[in-house]
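S.K.:
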């Protein structure tokens, strides 16, 4: 991989990379190599057929970034692509957004996504001026629910049978985090 992407460092090894079309093949290969894990809870895997699917997704998200409704970042560890994080449904009038994320299973259970989401919250609150962030996670996605809790998100409740995955109804947990709570918890550390 070419290492001269525009990046926002999280720590010495972990970075957010601004999405570029030249990443599409590598990102597709990452998804394709881990379909069972990533696709267990996320629908986009089913429609990801080749690298052009990622290019189309980038176009959608870059358009959203231009319209200030989305912010997508590719997650890299030592300049190797390992997942994605995003802010979507950004509402600058209400100063709120929802967070989405996925990580290749080779990097799971290492605290990487928790650290990345903390950095994304910092960016959203400080740079974008948002006041409220939300995370929605499938009830069965233990790791995703833990990321929300580790970052100080408050559990709101469970929305029953809100989605269908593989022919089965799925329940989703809803979480939120306010800027003032995030700032207070950051000062405590």
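In the UniProt record's numbering, the protein residues as written are 1 to 189.
All C-beta atoms in this analysis are idealised placements derived from N, C-alpha and C, irrespective of residue type, glycine included.
1) Is residue 5 helix, strand or coil when you go by DSSP?
2) With a threshold of 16 other CB atoms inside 10 Å of the CB of residue 173, please say whether the residue is buried or exposed.
3) Please state whether DSSP places residue 40 in a helix, a strand or coil.
4) Please classify residue 86 as buried or exposed, where buried requires at least 16 neighbouring CB atoms within 10 angstroms.
5) When the Cα of residue 95 is compared with those of 38, 69 and 48, which residue comes out closest?
6) Quick one: residues in its chain with C-beta nearer than 6 Å to the C-beta of residue 6, no 5 flanking neighbours on either side, listed in chain order?
7) Between 132, 122 and 118, which lies nearest to residue 150 when the distance is taken from Cα to Cα?
8) For the candidate residues 167, 37, 161 and 10, whose alpha-carbon lies nearest to that of residue 142?
9) Compare the Cα-Cα distances from residue 75 to each of 185, 14 and 50 and report the closest residue.
10) From 135, 161, 53 and 80, pick the residue whose C-alpha is nearest to that of residue 121; which is it?
11) Could you please give the first and the last residue of the uninterrupted alpha helix (DSSP H) stretch that includes residue 64?
12) Along the beta strand (DSSP E) that carries residue 178, what are the first and last residues, could you check?
M.R.: Looking at the atomic coordinates:
1) coil
2) buried
3) coil
4) buried
5) 69
6) 18
7) 118
8) Comparing alpha-carbon positions, the option among 167, 37, 161 and 10 lying closest to residue 142 turns out to be 37.
9) The shortest C-alpha separation from residue 75 is found at 14.
10) For the residues 135, 161, 53 and 80, the minimum Cα distance to residue 121 belongs to 135.
11) Counting along the chain, the alpha helix (DSSP H) containing residue 64 begins and ends at 51-66.
12) 168-178
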